[in-house]
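There are 2 protein chains.
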Amino acid sequence: MRSVQVGICGLGTVGSGVFNVISRNSSNINQRANCAINIAQIGARRDNPNCDTGSTNVVRDIFEVAQNPDIDIVVELIGGTTVAYDLVMTALKNNKHVVTANKALIAEHGMEIFSVAASKGLVVAYEAAVAGGIPIIKGLREGLSANQVNWVAGIINGTTNFILTEMDTKGRDFNDVLVEAQEKGYAEADPTFDVEGIDAAHKLVILASIAFEMPLTLEGLYTDGITQLEPQDVAYAKELGYAIKHLGIARQTKQGVELRVHPTLVPQASMIAGVNDVANAVMVNADAVGTTLFCGPGAGAEPTASSVIADIVDVARTIDAPAEAKVNALGCPISALEQRNIVAIEEIETSFYMRFSALDKPGVLSEITSIMGDTGISIEAIVQKEQPAGEDYVNVIIVTNVTQEKLLSTAVERIENLETVRDSIKFIRVEHLDQ
Amino acid sequence: MRSVQVGICGLGTVGSGVFNVISRNSSNINQRANCAINIAQIGARRDNPNCDTGSTNVVRDIFEVAQNPDIDIVVELIGGTTVAYDLVMTALKNNKHVVTANKALIAEHGMEIFSVAASKGLVVAYEAAVAGGIPIIKGLREGLSANQVNWVAGIINGTTNFILTEMDTKGRDFNDVLVEAQEKGYAEADPTFDVEGIDAAHKLVILASIAFEMPLTLEGLYTDGITQLEPQDVAYAKELGYAIKHLGIARQTKQGVELRVHPTLVPQASMIAGVNDVANAVMVNADAVGTTLFCGPGAGAEPTASSVIADIVDVARTIDAPAEAKVNALGCPISALEQRNIVAIEEIETSFYMRFSALDKPGVLSEITSIMGDTGISIEAIVQKEQPAGEDYVNVIIVTNVTQEKLLSTAVERIENLETVRDSIKFIRVEHLDQ
Chain A
1 MRSVQVGICG LGTVGSGVFN VISRNSSNIN QRANCAINIA QIGARRDNPN
51 CDTGSTNVVR DIFEVAQNPD IDIVVELIGG TTVAYDLVMT ALKNNKHVVT
101 ANKALIAEHG MEIFSVAASK GLVVAYEAAV AGGIPIIKGL REGLSANQVN
151 WVAGIINGTT NFILTEMDTK GRDFNDVLVE AQEKGYAEAD PTFDVEGIDA
201 AHKLVILASI AFEMPLTLEG LYTDGITQLE PQDVAYAKEL GYAIKHLGIA
251 RQTKQGVELR VHPTLVPQAS MIAGVNDVAN AVMVNADAVG TTLFCGPGAG
301 AEPTASSVIA DIVDVARTID APAEAKVNAL GCPISALEQR NIVAIEEIET
351 SFYMRFSALD KPGVLSEITS IMGDTGISIE AIVQKEQPAG EDYVNVIIVT
401 NVTQEKLLST AVERIENLET VRDSIKFIRV EHLDQ
Chain B
1001 MRSVQVGICG LGTVGSGVFN VISRNSSNIN QRANCAINIA QIGARRDNPN
1051 CDTGSTNVVR DIFEVAQNPD IDIVVELIGG TTVAYDLVMT ALKNNKHVVT
1101 ANKALIAEHG MEIFSVAASK GLVVAYEAAV AGGIPIIKGL REGLSANQVN
1151 WVAGIINGTT NFILTEMDTK GRDFNDVLVE AQEKGYAEAD PTFDVEGIDA
1201 AHKLVILASI AFEMPLTLEG LYTDGITQLE PQDVAYAKEL GYAIKHLGIA
1251 RQTKQGVELR VHPTLVPQAS MIAGVNDVAN AVMVNADAVG TTLFCGPGAG
1301 AEPTASSVIA DIVDVARTID APAEAKVNAL GCPISALEQR NIVAIEEIET
1351 SFYMRFSALD KPGVLSEITS IMGDTGISIE AIVQKEQPAG EDYVNVIIVT
1401 NVTQEKLLST AVERIENLET VRDSIKFIRV EHLDQ
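These protein sequence lines are chains A and B, in that order. Positions 1 to 435 (our numbering) are the ones given, in order, by the first sequence. Positions 1001 to 1435 (our numbering) are the ones given, in order, by the second sequence.
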């Protein structure tokens, strides 16, 4: 049996998961790879108590692994975009195939990395970079290769989904849940990347690039996190039959491609509304297949290892195949990727949830609905909440039909200027994801 | 650009879908395949009005396609296991790769077909044979290649799922919905294959073979259809927080592999309970990844074509690759498949829903619960329904905790023998699919 030599760089949560799963399931894995996959070397600054590396050669300098002439595949699991970038480029320079779980690296430097790899007939595989253990890169890039994609929408960050699930099911406050998520290890000490949507943006860019055959770029992508989400909006959404999820959405329209990450109301009856806690899910709507949904664990040592190893198996199995037999990094060859116009957030068309505080007196609601009508926005539902004791103001909730965001902004501004309306208007986008 | 010649045999629903999608999306498809995919010939007994084959060479004898020296890939879309078997064997004999959507053919003759193909270095691909447009074969066989699978469970027949959804949401009767399904084209004139679970059994065998690295075999598989399902059980299940789905379940246990297709109560809150109408979904629970779910359209011209073409793309892209670079038909090489003990249905362990008609008088329920206790079965819930006017008997519903089916059968027999219990006891298996 052929043997393929793998070097693992990074022995943190994912690295130790990869080592442990390969050790445990090596007989099955080797059969599926049609070769023996051998962990020839590990590069790690320190050992990991969750991982008994036994007699495996462990070095402290990861660049030693990238330059080791015996190694065929370098697995980059150190994270970040500086040292990881140098490591991957060094590996490619030394004619190694690369497997990585690093979404930031691929989103930010993917074009350069894939170009260098393609010019040398090397593979850079990154299944674990998006949605953890869910084989969505394979599903989209190979499983749906017959299709033109209309849209992709997903819960692609487990931390925010855990926080939103707690807010939804227990009526808790964002900051309160965040502290718990940090204690449980679901959120980093600095949670910015997750809760501000940056991590989801990285993943969305990768999905969009495959879906729409366009170069990886974060430019023009709209990102809004969940830090400003209030429990009352979660509760009102629920009353109206919606759940609030933090979605990454990429959609082909006549104007170009929408690329946006933001809290979104989705109907409770939709499958994606049932994706809770740290689970991830990606929906793909495409011309031939219709709508598919891929769901599973979006993070964690072994789920992520599952995807990393699937990539290792693919690379190892095809290691002696000619270049054209290998799957292109982004589905089509780099030369076929086309720059798309990224639709500005003001230009997108969707429905909206709005909440504001209006004086509880006759004529106020009609004034507001006139403004909506004048602006060309039709209303799907309007609810006036019970007035709290001793208050002159009531909460008014509106769900609009599909409209353009800039029309919504115009209406918001005009309503905010009314003397009968207090404070600023809160609005959240609504998606039905059924077409 | 290389060019790969494809011959399509059968121009029915799926065949015309394949032709139309390839024609429409050829530019994207060719980029993803790293070669030009050319439909060189179509073999079909008659033309299809949904498909303008233009200048494509169409012949009436499908065997002409299988023997055409210019053709690289034969796509078998005629269905059945007689002519289709001869066609596939002829294609292999003539050194053609094969793509098929034929679950019955693969389930019944897969071992022979894969052996012949492997001995000649040919690929037989069959993504479309299971769950229509969902790339579940790829997801399971490649995407989860790092894993040892614990269980697979799925809604893998769209016809039965449509009927059950109607029974559930509208309280309708099986026969009534079946007629509508036939009118809508969701069910065949002879619906036996679908409603008796034979089609689902074929698909389950394929999933189980990949999941547990065992030869394809229908032997020992337990199949129960939905024809005996009564609206009252659907309604009672709903009251108790369950939906009834027709599931195929394959599970690794200490005794061997469970292989069973039957109506199943699943918690309403589970994602699979939300898979409605003709949609399909497959859940996979495996040691590294945990639980994943793949959902999408289980049938139809273009969803099925999506999977057929994905296979064509894979075969075409790797057509010049060495044999060991190609994915084995069942994940691991045929020589590594191992016969497993198929667990008899009496030996399986699960929960049960029971319904029976008991005399409404003191002591009857305690007599019944004593029998359950004596048999070693613990009860999770027991509900006595209101007695209909003028009736002495009431419906009693029991949901048990996990027990062995033969213990349940013993209890059923003893309870049926009670003078206070009328008619036979109805029971349906319950699965939580959460571990």
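For each residue, glycine too, the CB sits at the ideal point set by N, CA and C.
Since residue i contacts residue j with CB under 8 angstroms, what's their CB separation in whole angstroms?
i	j	result
A/ARG251	A/TRP151	4 angstroms
A/LEU365	A/GLN339	That belief does not hold up - the Cβ atoms of A/LEU365 and A/GLN339 are roughly 46 angstroms apart, past 8 angstroms.
B/SER1145	A/ARG45	With 8 angstroms as the limit, B/SER1145 and A/ARG45 do not qualify as a contact, their Cβ atoms being about 30 angstroms apart.
A/VAL266	A/LEU433	6 angstroms
B/LEU1247	B/ILE1155	6 angstroms
A/SER351	A/VAL402	5 angstroms
B/GLY1143	A/ALA310	6 angstroms
A/MET167	A/VAL177	6 angstroms
A/GLU127	A/SER307	4 angstroms
B/GLY1197	B/GLY1225	5 angstroms
May I ask you to report which of helix, strand or coil DSSP gives residue i?
i	result
B/ASP1168	helix
A/ASN280	strand
B/PRO1049	coil
A/GLU347	helix
B/ASP1061	coil
A/ILE78	coil
B/LYS1238	helix
B/ILE1071	coil
A/LYS326	coil
B/THR1420	coil
A/HIS202	helix
B/ALA1040	strand
B/SER1003	strand
B/THR1013	helix
A/HIS97	strand
B/PRO1303	helix
Verify whether the separation of the beta carbon atoms of residue i and residue j is less than 8 angstroms.
i	j	result
B/LEU1077	B/GLY1012	yes
A/THR438	A/VAL430	Here chain A comprises residues numbered 1 to 435, so residue 438 of chain A is not present and cannot be evaluated.
B/LEU1204	B/ILE1106	no
A/PRO322	B/ASP1320	yes
A/ILE22	A/ILE42	no
B/LEU1229	B/VAL1130	no
B/LEU1337	B/GLU1213	yes
B/GLY1133	A/THR400	no
B/ILE1428	B/ILE1398	no
A/GLY274	B/GLY1241	no
B/ALA1316	A/THR318	no
A/GLN404	A/ASN341	no
When the Cα atoms are used, what is the spatial distance from residue i to residue j?
i	j	result
B/GLU1188	B/GLN1182	6 angstroms
A/ASN417	A/VAL282	40 angstroms
B/VAL1065	B/GLN1005	11 angstroms
B/ARG1414	B/ILE1371	7 angstroms
A/VAL58	B/PHE1162	56 angstroms
A/LEU101	A/THR192	The sequence given here places Ala at residue 101 of chain A; Leu does not occur at that position. Distance between the alpha carbons of A/ALA101 and A/THR192: 19 angstroms.
B/ALA1084	A/PRO231	59 angstroms
B/LYS1103	B/GLU1112	14 angstroms
B/ARG958	B/ILE1029	Residue coverage of chain B in this structure runs from 1001 to 1435, which leaves residue 958 of chain B outside it and unanswerable.
B/ILE1210	A/VAL234	43 angstroms
A/HIS202	A/GLU108	8 angstroms
B/THR1223	B/SER1026	41 angstroms
A/ILE348	A/MET271	24 angstroms
B/ALA1358	B/THR1081	48 angstroms
A/LYS245	A/LYS96	40 angstroms
B/VAL1018	A/VAL149	17 angstroms
Return yes when the C-beta of residue i is under 7 angstroms from any heavy atom of the ligand PLP, and no when it is not.
i	result
A/LEU105	By its list of ligands, the structure shown contains no ligand whatsoever, and the ligand PLP lies outside what it can speak to.
Select from the region 1314-1325 of chain B all residues with a C-beta closer than 9 angstroms to any C-beta belonging to chain A, and list them in chain order. ASP1314, ARG1317, THR1318, ILE1319, ASP1320, ALA1321, PRO1322, ALA1323, GLU1324 and ALA1325
Using a Cβ-Cβ cutoff of 7 angstroms, what residues of the region 263-294 of chain A are near chain B? List them in chain order. MET271, GLY274, ALA288, VAL289, GLY290, THR291, THR292, LEU293 and PHE294
Give the residues from the region 136-164 of chain A that approach chain B closer than 7 angstroms (Cβ to any Cβ), ordered along the chain. LYS138, GLY139, GLU142, GLY143, LEU144, SER145, ALA146, ASN147 and GLN148
Which residues, in chain order, does the region 1021-1041 of chain B contribute to contact with chain A at a C-beta distance below 8 angstroms? VAL1021, ILE1022, ARG1024, ASN1025, ASN1028, ILE1029, GLN1031, ARG1032, ALA1033, ASN1034 and CYS1035
When Cβ atoms are compared, which residues of the region 331-348 of chain A fall closer than 7 angstroms to chain B? GLY331, CYS332, PRO333 and ALA336
Taking Cβ-Cβ distances below 7 angstroms as the criterion, which residues of the region 297-308 of chain A are in contact with chain B? PRO297, GLU302, PRO303, ALA305 and SER306
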